[in-house]
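In order, the protein sequences belong to chains A and B.
If you're matching positions, the first sequence starts at 1 in full-length UniProt numbering and goes up one per residue.
If you're matching positions, the second sequence starts at 1 in full-length UniProt numbering and goes up one per residue.
For every residue, glycine included, the Cβ atom is placed at its ideal position computed from N, Cα and C.
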Amino acid sequence: MSGYDNHASDSDEDDFNPAPMVDEDDVEEVATNGNAKRKPSAGHENDDDEQGLARTQEGDDEEDDEEGAGGDEDDDDDEDDEDDDDEDVVQRPHKRRKKQRRNVFLDVEAEVDDEDEEEEEGDEEGGIEEVHPDDLDEQAGADLDDRRHRELDMKRQVDAQKDAEQLAKELDEKYRRREMQRAQKAAAGAVPLTLPTVNDPSIWVVRVRPGKEREVIMAIMKRIEELMNARQPVRVYSAFERFSSVGGYIYVEADAKQDMVSMIENIPNVFMGTPQIPIEVKERPDLLRKRAREPLEEGKFVRMLKPALYKEDLAKVVEVHANGLDCTVQLVPRLDYGLGEDANAGADGNKRKRPNFGRPTERPPPKLFNENEAKKRHMKFLNMAGSGGQKTFTYKGDDYQNGFLIKDVKITHVRAVDVNPRMEEMQFFSVTGADGTETLDLVAVQAAQKAAQTGSIFAAGDNVEIYDGEQKGVRGTTVSVRGDIVTLKVTEGPLNGRRIEAPVKTLRKLFRDGDHVKVIGGSKYIDEVGLVTKIKDDKVTLLCDSTQQEITVFSRDLKRAADSATLGNDSDFELNDLCQIDAATVGVVVKVDREVLRIIDQNANVRTLIHSQVATVIARNRNAVATDRDGSEIRNDDLVKEHGGEGRSGYVLHIHRGILFVQNRTETENNGVFVVRSTNVTTLAAKSGRTQATGPDLGKLNPAIQQGGPNGTAMPPPRSMGRDRLIGKTITIRKGPYKGLLGIVKDTMGDEARVELHTKNKIISVKRDICGVKDPVTGNTMDFGGKFPNRSRGGFAGATPAYNGGGRTPAWGGSGRSGPSWGTPSGGRTPGGPSWGGGRTPGWGGGDGSRTAYGGGDGSRTAYGGDGSRTAYGGDGSRTAYGGATAYGGNDGSRTAYGGSGGRTPGWGSAPSKSSAALSAPTPGAYNAPTPGGYSAPTPGAYQYSAPTPGPVDAPTPGNYSAPTPGDTAAHPTPRGYGAYGGGYGATPAAAPTPGAWAAETPYAGGPETPAPGAYDEDPRYD
Amino acid sequence: MFFLKELEKTIQLHPSYFGPLIRSHIHRELLTKEEGSSTGKFTIVCILDSFEISDGQVIPGSGYAEYIVHYKAIVWRPYKGEVMDGVVTSVIRSGFFVDCGSLQAFVGRSMIPSDIKFDAAATPAQWTDNGEQVIEKGTNIRIKIKGLRSEVDKMYAIGTMKEDYLGPLQT
Chain A
1 MSGYDNHASD SDEDDFNPAP MVDEDDVEEV ATNGNAKRKP SAGHENDDDE QGLARTQEGD
61 DEEDDEEGAG GDEDDDDDED DEDDDDEDVV QRPHKRRKKQ RRNVFLDVEA EVDDEDEEEE
121 EGDEEGGIEE VHPDDLDEQA GADLDDRRHR ELDMKRQVDA QKDAEQLAKE LDEKYRRREM
181 QRAQKAAAGA VPLTLPTVND PSIWVVRVRP GKEREVIMAI MKRIEELMNA RQPVRVYSAF
241 ERFSSVGGYI YVEADAKQDM VSMIENIPNV FMGTPQIPIE VKERPDLLRK RAREPLEEGK
301 FVRMLKPALY KEDLAKVVEV HANGLDCTVQ LVPRLDYGLG EDANAGADGN KRKRPNFGRP
361 TERPPPKLFN ENEAKKRHMK FLNMAGSGGQ KTFTYKGDDY QNGFLIKDVK ITHVRAVDVN
421 PRMEEMQFFS VTGADGTETL DLVAVQAAQK AAQTGSIFAA GDNVEIYDGE QKGVRGTTVS
481 VRGDIVTLKV TEGPLNGRRI EAPVKTLRKL FRDGDHVKVI GGSKYIDEVG LVTKIKDDKV
541 TLLCDSTQQE ITVFSRDLKR AADSATLGND SDFELNDLCQ IDAATVGVVV KVDREVLRII
601 DQNANVRTLI HSQVATVIAR NRNAVATDRD GSEIRNDDLV KEHGGEGRSG YVLHIHRGIL
661 FVQNRTETEN NGVFVVRSTN VTTLAAKSGR TQATGPDLGK LNPAIQQGGP NGTAMPPPRS
721 MGRDRLIGKT ITIRKGPYKG LLGIVKDTMG DEARVELHTK NKIISVKRDI CGVKDPVTGN
781 TMDFGGKFPN RSRGGFAGAT PAYNGGGRTP AWGGSGRSGP SWGTPSGGRT PGGPSWGGGR
841 TPGWGGGDGS RTAYGGGDGS RTAYGGDGSR TAYGGDGSRT AYGGATAYGG NDGSRTAYGG
901 SGGRTPGWGS APSKSSAALS APTPGAYNAP TPGGYSAPTP GAYQYSAPTP GPVDAPTPGN
961 YSAPTPGDTA AHPTPRGYGA YGGGYGATPA AAPTPGAWAA ETPYAGGPET PAPGAYDEDP
1021 RYD
Chain B
1 MFFLKELEKT IQLHPSYFGP LIRSHIHREL LTKEEGSSTG KFTIVCILDS FEISDGQVIP
61 GSGYAEYIVH YKAIVWRPYK GEVMDGVVTS VIRSGFFVDC GSLQAFVGRS MIPSDIKFDA
121 AATPAQWTDN GEQVIEKGTN IRIKIKGLRS EVDKMYAIGT MKEDYLGPLQ T
């Protein structure tokens, strides 16, 4: 079992430290040497030897398995043997002396083999005897082991005592075996090794604690050693572990299960509870087969397996070390810079605390190393080296470069297959290198991904050519593909029309110049479509439809394309879309790929972005307009030419805030798209001109009969500001399914009103023009200022609207109730009635034919009636201006609303009555006080406006009224005030008559304008 | 190659056009929409004057009238192997583009005789043999069509000038 001893010295496995073993062994040996009178029996020796051979054979196999741990080194030993043999033949004598301090284990094996050689040579060295005492002397050194030497010596002595015949036989047997072995070994290169048979010892698989496989193997080795020392038979041939992703197994080779069990029992970390399963004969070779490992290359991406912190993280191989066992990887560190630590724990507190035993800890997210973060709390752990762009940090024993963690790992701790890097992960690597030289080729990575995904390369109907094998040169079209066999129908040559089968690997696709093809795999150009421009062997050059660039791909990656290219049709983005990249950046898509977009942004930078990095597509704004350097309008699709610069020209794709994205199809760079400022181009041809030339579109309304000006529709009615007066009103619905229902307007939106129906608890939307405003109490229809919704407009038209605008109307409406009363002469009475005497009323009646007359003349008039009281103001001349207001009445029926205000009139009436008493001069004063009270603040404003307007506009209308009125007033002196009234009434405006009535006032009447100032003058008073 | 081809087109007319000028409306529509258009297979070069307009049929539901117009037109259809003249529109390192009427053709580097080299230093960039053959933007050139691709309303071609009598035309 010396093989196992040797293992220690030859081992290059890191976690196995040979030194202690040696010492231990030595100590042990020394101890056993004390009673070294063990007599190795020949039988034992044979047994031993046999096992050794078996193991050697295994060792051979394991040579293939680079990680084979168990008996791995036996084989090396063999080779060492041979070396040593040669060496020893020549210089053994000194060497023996010289190398006494050499590692025992190597020597031992050499000795054992030497024995044969020496025996063969038959030269019994006297030196041996000499050496022996030397060795004994050396024993004091206690770090030599010459037990074996002595065993050898003893064996020789035994052999020497054997008779020559027996010796010859033994040797013969021995060498025959060795010859066989040699032959096997020689053949191993080409011919498979001798495969195990049922007669060979079985191999059991033993479950051990994952990660402890090697420890168990070492423990077995030690046990074997002990057995040997105890001169007990070792019945196990080999024990080994395999490096594999599924850990937790070792394999033990023995003749009987009991042998195996006795060897492994009571070894820590062996799960004896799990039954040990013998491995079937035909599966045994697989145990030692070296798995084809994806070769690691620099720059390749791998997945981490080992440090749990980085498990499954993406890493990039920086360097593969020469020993083939280690590599340096670059990965994105997961650091928390001490944020997760207990700040109160002492320096060694962390050690004592068990870090979340058994619980999966939250890993910090992968993030590039941040110097400042590290400095915050872990300054003491941070060292900096290097300078300039290449700063290297050492933080907690790890190196960080450019933000990446640079780590040496075993190649078994990374996985090179199934890497499938995701775009998010790749992004970290894409920023490598501040100078940008090492920037990752996203596209290349993506190609790698794609390539892995593509399936069968031949589809029925492909034109193919057999380019290898007996049928080389045969051309045809594929009929079907089954696995690796393609059935093709020959289209040329003597076999024409025949169907033959050919393996995929002898076929290549056949294309001709000018064929329209699509790249279906194998390269980064996947999904590109283009026309074949050149064919050389199986390399095809094509001109891409989308980019107008020539690319070269293998013909096997091509397929005949349908007529048009749809690239990345599963993307949200299309070529030439305008996209929002971030709040301040927009760009135009110049290339769509399955994973990435190429976008030229407003600063003319071309970026490669993954789809998720692009916020939205900005819909093309048809109305977008910009001005060129001459101030002409630029719209989409206009032909523009850059002024200065390269003088490029093209059609405007998008206009974004004075930036134009222009496309010129004859350019190939960036799909012909370039970016210019709108002030830097001149318009060459506007598209609008062209559309004009083509004549009208027969699918649309004939423009010749289209009504309205160039703007199409008339200006929309102006909107009122502020709270809609309709809100809160009780209305009935005049039309539609809800016709006749009563409700309250809750809200209005544009021309719609949200009405809460009285009948059911429901809010519906109806057009506001089908709402009839009702008095909530009486249910009477009220006129609503709907037709003059706009105060300002009213202001211009005359004061009337101003009244409405004043919000008065409703108020008046409210008082409309009094209207009726007023309608009854009583109303009239109220104001003037008593005070003016019947004459008044009649006066009205006479003049206007009663109330009705008012109604007839104008509802508004009625209001004026009310206003008549105003007229009292008129008394002070400014009133006259009012009269002007009266004119409103004349203006429209809308005034009717005033009818409502008629109600008011009484109120005024009372006032006027007073005023009348006070007479005109005082009246104003008297009025001033009440008026404001009666009128809300806005009213005066209304007056102000009204004053001038009426003058010119309404002069005639009032005239009608005024004519009688004044008459009335004139008739009565009293009414004088009233006269003013009357004048104010209708007539105020009717300047002509009024003056008549008012001799004194004439000046006022004289100029409608005049009153205006007057009115203004008064305004303060009103205010 | 040019052909005389009988074609038909369906024209829909908004009711507002119904009137005495209806025929001229249709005629104008036909000319503006069809002449110069490409179907992907051929380009309509010229519509001949004799055309007949079917009786209009009002489409139920919309009030539009539909007229089927039969007409003859001279059409142009490029063929693989055809030699044609065109004007160079763009010169790039990998070749140059040629407009042959409505057909856009590309002549790749491999389709250019090897003695004609790309000269990026010249303004404008050109392909030249440093002799009398100069291919730059605007050059009249004779090429042969090697491959054709048609999209719905446009045709594209790959051309070659690597044969006798092909190449820039002397003007």
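Residue 24 of chain B does not reach chain A, its nearest Cβ partner there being about 10 Å away, counting only Cβ pairs nearer than 9 Å. Taking the Cβ atoms as the reference, residue 143 of chain B lies roughly 11 Å from residue 169 of chain B, outside the contact range of under 8 Å.
Of all residues in the stretch 101 to 113 of chain B, only 106, 108, 109, 110, 111 come within less than 8 Å of chain A when Cβ atoms are compared, listed by chain position.
Taking 9 Å as the CB threshold, residue 702 of chain A lines the interface with chain B. Chain-ordered, the chain A residues with CB closer than 8 Å to the CB of residue 89 of chain B read 666. With fewer than 16 other beta carbons inside 10 angstroms of its own, residue 769 of chain A counts as exposed. Listed along the chain, the chain A residues whose CB falls inside 7 Å of the CB of residue 146 of chain B are 513, 514. Counting only residues of its own chain and dropping the five nearest sequence neighbours on each side, residue 80 of chain B has a CB closer than 8 Å to the CB of 145, 146, 147, 148. Nearest in C-alpha terms to residue 45 of chain B, of all of B/96, B/91, B/78, B/161, is B/78. Three or more Cβ pairs closer than 8 Å define a contact, and the stretch 83 to 91 of chain B falls short of that threshold against the stretch 51 to 65 of chain B. With fewer than 16 other Cβ atoms from the protein chains shown falling within 10 Å of its own Cβ, residue 10 of chain B counts as exposed. Within the stretch 42 to 75 of chain B, those residues whose Cβ lies closer than 9 Å to any Cβ of chain A are, in chain order, 64. Against residue 698 of chain A, the close residues of chain B are 11, 12, 13, 14, 17, 25, 26, 29, in the order they occur along the chain (beta-carbon pairs closer than 8 Å). At the C-beta level, residue 136 of chain B and residue 122 of chain B come within 9 Å of one another. Inter-residue distance for residue 532 of chain A and residue 642 of chain A is about 34 Å (C-alpha atoms, whole angstroms). Between residue 305 of chain A and residue 396 of chain A, the alpha-carbon positions lie close to 21 Å from each other. With a threshold of 9 Å between beta carbons, residue 642 of chain A makes no contact with chain B.
Residue contact check for residue 158 of chain B against chain A: a CB pair falls below 9 Å. No Cβ-Cβ contact shorter than 9 Å links residue 65 of chain B with residue 93 of chain B. Residue 770 of chain A sits in a helix when the DSSP states are folded into three classes. For residue 733 of chain A, the enclosing beta strand (DSSP E) stretches over residues 730 to 733.
Residue 532 of chain A reaches chain B at 147, 158, counting residues in chain order whose Cβ is nearer than 8 Å.
For residue 614 of chain A, no beta strand (DSSP E) segment is defined, and its DSSP state is neither H nor E. Contact residues of the stretch 120 to 147 of chain B toward chain A are 146, 147 (C-beta to C-beta distance below 7 Å). DSSP links residue 677 of chain A through a beta bridge to A/659. Scanning its chain for C-beta atoms nearer than 8 Å, with the 5 sequence neighbours on each side dropped, one finds around residue 748 of chain A the residues 724, 726, 727, 754, 768, in chain order.
DSSP, reduced to helix, strand and coil, places residue 336 of chain A outside both helices and strands of the structure shown, so it counts as coil. If you look at residue 399 of chain A, you'll find it in the beta strand (DSSP E) that goes 398 to 401. Annotation: residue 701 of chain A to residue 637 of chain A spans about 25 Å, alpha carbon to alpha carbon.
Take residue 579 of chain A, set aside five residues on each side of it, and the residues of its chain with a beta-carbon closer than 8 Å to its own are 573, 586, 587, 588, 589, 597, 599, 614, 615, 616, 617, 618, in chain order.
Per DSSP, reduced to three states, the secondary structure at residue 429 of chain A is helical.
At a cut-off of 9 Å between beta carbons, residue 167 of chain B makes no contact with chain A.
In the structure shown, the three-state DSSP call for residue 503 of chain A is strand. Identification of chain B residues near residue 328 of chain A by a Cβ-Cβ cut-off of 8 Å yields none; the smallest Cβ-Cβ distance measures about 40 Å. Judged by DSSP secondary structure, residue 150 of chain A falls within the alpha helix (DSSP H) whose first and last residues are 147 to 161. Linking residue 171 of chain A to residue 231 of chain A through their CA atoms gives a straight-line distance of about 24 Å.
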